[in-house]
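Numbering of the sequence shown is given in the working numbering, commencing with residue 1 and proceeding in unit increments.
In this text, a Cβ means the ideal position worked out from N, Cα and C, and glycines have one as well.
Because the structure is a prediction, the values reported are computed rather than measured.
The structure appears below as structure tokens.
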Amino acid sequence: TLAVDVIREIGPFKDFLSHDSTLKHMREVQSQPRLIDRTMREDWEKSGRTDMTQRAEEQARHILETHKPEPLPDRVLATLRSIVEEAEEELGISKKKQKVRPLRSKKTRDAASP
């Protein structure tokens, strides 16, 4: 959570590091970003010297390849279905298959022209 009260108390351009709340919470809310590499330079170079963009692309690829979305609960599906049906009714869209006049080829169209 964001300590809005502390931010207001300290204000802009002042020192958050010396505030009691920083010391109190620093170990429990420490951020560990996935894309930032905090290794020593030598280790970073040995591991392929990837930059943040490369790591982001790799993570995105991994997510796209492995993510298995949870199916929506039946009550959510029913709600979505009713919203779609309501919109179709408002727009005059029929669920029945609409008869669509078949498209004619250019050759057939040209032959039918006077």
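Secondary structure note for Asp-5: its alpha helix (DSSP H) is the uninterrupted segment 4-10. Taking C-beta atoms as the reference points, Ile-36 and Met-52 count as a pair closer than 8 Å.
Listed in chain order, the non-local C-beta contacts of Ala-56 below 6 Å within the same chain comprise Leu-35, local neighbours out to five positions each way being set aside.
If you ignore the 5 residues before and after Phe-16, its C-beta comes within less than 7 Å of the C-beta of Ile-10, Thr-22, all in its own chain and listed in chain order.
Counting along the chain, no alpha helix (DSSP H) covers Met-40, and no H or E run does either. One thing to note: Val-6 has its Cβ within 8 Å of the Cβ of His-19.
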